[in-house]
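Residue numbers (numbering that gives the first Met the number 0), protein chains in the order written: chain A, 0 to 178; chain B, 0 to 341. Where a beta carbon is used, it is the ideal one built from N, C-alpha and C, also for glycine. Inspection log for the structure reproduced underneath, given as structure tokens.
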Amino acid sequence: MAAAVVDATIAELVVAAQAGSHAAFTTLYGRFHRAVHAVALARVGPADAADVVQDVFARAWTRLDSVRDPAAFAGWLMTMARNRAIDRARSRAPDDAGARELAVAPAPTAEAAAALRAIRALPEAYRETLLMRLVEGLSGPEIAERTGLTPASVRVNLHRGMTLLRERLAPPESTGGTP
Amino acid sequence: MSGDYLWDRSGEDPEVARLEGLLGGLAHAAPLGPLPPRRGRRRALLLGGSVVAIAAAVVVAWWVTRAPASSPAGCGAGGAGFAFTARGGAARCGGGATTGGVLPVGTALATPPDVTAEVVVADIGALTLAGGSELTLAATGTAQHRLRLAHGRLSARVTAPPRLFIVDTPAATAIDLGCAYDLAVLPDGRTRLTVTEGVVELAAGPRLAHVTRGHTVTTAADRGPGTPIAVAADPAFAALVGRWDAGDAAALAPLVAAAGAGDTLTLWNLLANAAPAARPAILARLDELFPRPEWLLADELVAGKPEAIAGLRDVLTSGVWLAPVDAPPSPIAPDANPGVWR
Numbered sequence: 000m001a002a003a004v005v006d007a008t009i010a011e012l013v014v015a016a017q018a019g020s021h022a023a024f025t026t027l028y029g030r031f032h033r034a035v036h037a038v039a040l041a042r043v044g045p046a047d048a049a050d051v052v053q054d055v056f057a058r059a060w061t062r063l064d065s066v067r068d069p070a071a072f073a074g075w076l077m078t079m080a081r082n083r084a085i086d087r088a089r090s091r092a093p094d095d096a097g098a099r100e101l102a103v104a105p106a107p108t109a110e111a112a113a114a115l116r117a118i119r120a121l122p123e124a125y126r127e128t129l130l131m132r133l134v135e136g137l138s139g140p141e142i143a144e145r146t147g148l149t150p151a152s153v154r155v156n157l158h159r160g161m162t163l164l165r166e167r168l169a170p171p172e173s174t175g176g177t178p
Numbered sequence: 000m001s002g003d004y005l006w007d008r009s010g011e012d013p014e015v016a017r018l019e020g021l022l023g024g025l026a027h028a029a030p031l032g033p034l035p036p037r038r039g040r041r042r043a044l045l046l047g048g049s050v051v052a053i054a055a056a057v058v059v060a061w062w063v064t065r066a067p068a069s070s071p072a073g074c075g076a077g078g079a080g081f082a083f084t085a086r087g088g089a090a091r092c093g094g095g096a097t098t099g100g101v102l103p104v105g106t107a108l109a110t111p112p113d114v115t116a117e118v119v120v121a122d123i124g125a126l127t128l129a130g131g132s133e134l135t136l137a138a139t140g141t142a143q144h145r146l147r148l149a150h151g152r153l154s155a156r157v158t159a160p161p162r163l164f165i166v167d168t169p170a171a172t173a174i175d176l177g178c179a180y181d182l183a184v185l186p187d188g189r190t191r192l193t194v195t196e197g198v199v200e201l202a203a204g205p206r207l208a209h210v211t212r213g214h215t216v217t218t219a220a221d222r223g224p225g226t227p228i229a230v231a232a233d234p235a236f237a238a239l240v241g242r243w244d245a246g247d248a249a250a251l252a253p254l255v256a257a258a259g260a261g262d263t264l265t266l267w268n269l270l271a272n273a274a275p276a277a278r279p280a281i282l283a284r285l286d287e288l289f290p291r292p293e294w295l296l297a298d299e300l301v302a303g304k305p306e307a308i309a310g311l312r313d314v315l316t317s318g319v320w321l322a323p324v325d326a327p328p329s330p331i332a333p334d335a336n337p338g339v340w341r
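Okay, structure coming up:
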């Protein structure tokens with residue numbers, strides 16, 4: 000049974016979870032928690048993003064019956080993650096948000112924090128996709144499966160986003176003088 | 000090409016690898032926390048659904064026995080179909096005059112010139128049927144909702160998975176990919192599609208036009224869908240596209256040369272449908288107007304490789320989905336079917 004759950008398609012897992020299977024839902028969590036975390040991390044700091052992940056999956060568990068088309072689960076979950084992350088960001092006073100922004104252990108290096116800020120300043124579609132790739136370690140095809148986007152769209156978002164990120168992380172050109 | 004590390008970790012990209020190392024420590028690794036108890040929602044829904052179904056049956060029975068004069072047989076309030084409401088007078092459904100009801104499968108809804116109808120498209124959207132139009136519900140189900148527009152115009156807005164909502168006309172088939180659009184059967188029998196949000200495909204036989212937000216296309220007589228152009232396209236450019244669609248091969252070179260930054264989707268449709276010999280010039284102009292990602296190989300595009308052609312389309316249209324959803328005003332020319340569009 001455990002092997003069957005591990006090998007099941009997402010739609011099969013959703014149907015099983017709707018019928019009450021904890022094992023199926025835990026497997027869904029295993030496949031989607033990093034993508035949900037990336038969606039949250041695009042809007043809130045790492046500490047809050049971890050809370051959003053747990054919140055999203057707790058809500059998903061209680062509301063799975065509202066997913067009429069199991070194949071639409073990925074899009075449904077990502078939408079819920081965006082909404083919860085936005086709610087979380089709104090609930091934070093600016094000062095509080097700043098204090099919690101990087102309150103994780105171990106704290107990211109200054110260079111990592113700068114890279115994270117640069118990614119979070121990108122347009123939404125690029126931001127989420129790059130966080131899934133660079134932070135969560137998902138490949139392009141895995142991102143497509145987790146988000147419900149077409150592989151071509153994910154590829155476009157990755158490459159366009161990375162081009163913008165390279166520009167923004169590049170050291171400023173020196174002015175005047177000769178090398 | 001030595002691989003695409005950003006996409007699938009094939010090949011090398013030191014900067015991406017460095018960022019992975021830098022940011023990987025922030026990856027989520029926590030296990031699933033305790034789950035709240037589930038409500039017996041499915042059971043409650045079933046119970047609630049039963050109550051609603053019984054109540055609905057009672058209402059329908061009352062409605063049928065009441066036999067209202069405004070609702071002809073077959074288009075009453077009950078049964079499977081699309082609910083509709085006529086505005087400005089009575090429409091004809093199943094041969095009888097009515098101001099509203101349910102359009103059953105296989106039945107036509109016809110509007111007089113001064114009457115429009117609002118039609119609910121299952122649970123995925125709605126459409127407005129213009130005056131002087133006739134629309135038949137061909138099929139409705141979880142796999143597909145399909146309508147036939149015999150004449151007149153409709154404006155649809157649908158939120159659904161791609162290819163679930165389809166409208167046939169005498170000249171073509173409009174396949175929704177998630178969008179809002181206007182569709183008209185012109186007096187001469189041609190079909191015109193104008194997309195106000197998202198993307199729609201217009202197909203006829205082997206020809207297919209990929210029409211994005213802010214673009215319009217008209218079927219050419221006996222040639223299927225023409226080439227989509229921007230609603231705001233320069234009239235001289237539109238005239239060249241019209242010549243090309245009418246079979247004037249000499250129009251291609253000036254058309255390609257005249258294409259501007261707002262015409263890249265037109266060029267993509269040309270590339271997808273043109274003969275192989277014409278593709279290098281079209282691609283060269285596209286490359287001048289739009290920075291093509293290096294993973295989209297020119298050789299594959301010129302050869303018409305479907306994956307490459309589709310990949311270029313996705314690159315060009317990704318902004319369609321990212322752009323704000325402020326729909327432009329309905330771009331269908333008011334004189335295309337005078338007096339019947341509100």
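The beta carbons of Gly303 of chain B and Ala151 of chain A sit no closer together than 8 Å. Per the Cβ contact rule, the stretch 231-239 of chain B is not in contact with the stretch 277-296 of chain B (fewer than 3 Cβ pairs under 8 Å). Our two residues, Pro205 of chain B and Gly10 of chain B, have alpha carbons roughly 38 Å apart in a direct line. A direct Cα-Cα distance of roughly 14 Å separates Val184 of chain B from Ala155 of chain B. Around the Cβ of Ala41 of chain A, a 10 Å sphere holds 16 or more other Cβ atoms; the residue is buried. In the three-state reduction of the DSSP assignment, Gly95 of chain B falls in the strand class, which pools E and B. For Ala73 of chain A, the nearest beta carbon of chain B is not closer than 8 Å to its own beta carbon. For a cut-off of 8 Å, the C-beta gap from Ala208 of chain B to Val216 of chain B is around 5 Å, short enough to register as a contact.
With 16 or more neighbouring CB atoms inside 10 Å of its own CB, Ser132 of chain B falls in the buried class.
Non-local beta-carbon contacts of Leu168 of chain A in its own chain, meaning distances under 6 Å to residues more than five positions away in sequence, involve Ala117 in chain order. Residue-level contact check: Trp267 of chain B does not touch chain A, since none of the beta carbons of chain A fall below 8 Å from its beta carbon. Counting of Cβ neighbours within 10 angstroms places His144 of chain B among the buried residues, the total reaching 16 or more. Around the beta carbon of Asp247 of chain B, fewer than 16 other beta carbons sit within 10 angstroms, so the residue counts as exposed.
Burial check for Pro186 of chain B: the Cβ neighbour count within 10 Å stays below 16, so the residue is exposed.
Beta-bridge analysis with DSSP links Phe81 of chain B to B:Leu102.
Taking a cut-off of 8 Å for Cβ pairs, the stretch 124-141 of chain A and the stretch 52-61 of chain A do not touch, as fewer than three such pairs fall below it. Shown here for Ala121 of chain B: same chain residues with a beta carbon closer than 8 Å to its own, the five before and five after excluded, namely Phe81, Thr139 and His144 in chain order. Secondary structure of Ile174 of chain B (DSSP, three-state): strand.
Boundaries of the beta strand (DSSP E) around Thr139 of chain B: Glu133 to Thr139. For Glu287 of chain B, the enclosing alpha helix (DSSP H) covers residues Arg278 to Leu288.
When rounded, the separation of the alpha-carbon atoms in Ala73 of chain A and Ala34 of chain A is 10 Å.
Annotation: Arg62 of chain A to Gly261 of chain B spans about 44 Å, alpha carbon to alpha carbon.
Looking from the CA of Asp64 of chain A, the closest CA among A:Ile142, A:Ala15, A:Ala22 and A:Asn82 belongs to A:Ala15. Taking a beta-carbon distance threshold of 8 Å, Glu19 of chain B counts as an interface residue toward chain A.
DSSP places Val43 of chain A in the coil class of the three-state scheme, outside both helix and strand.
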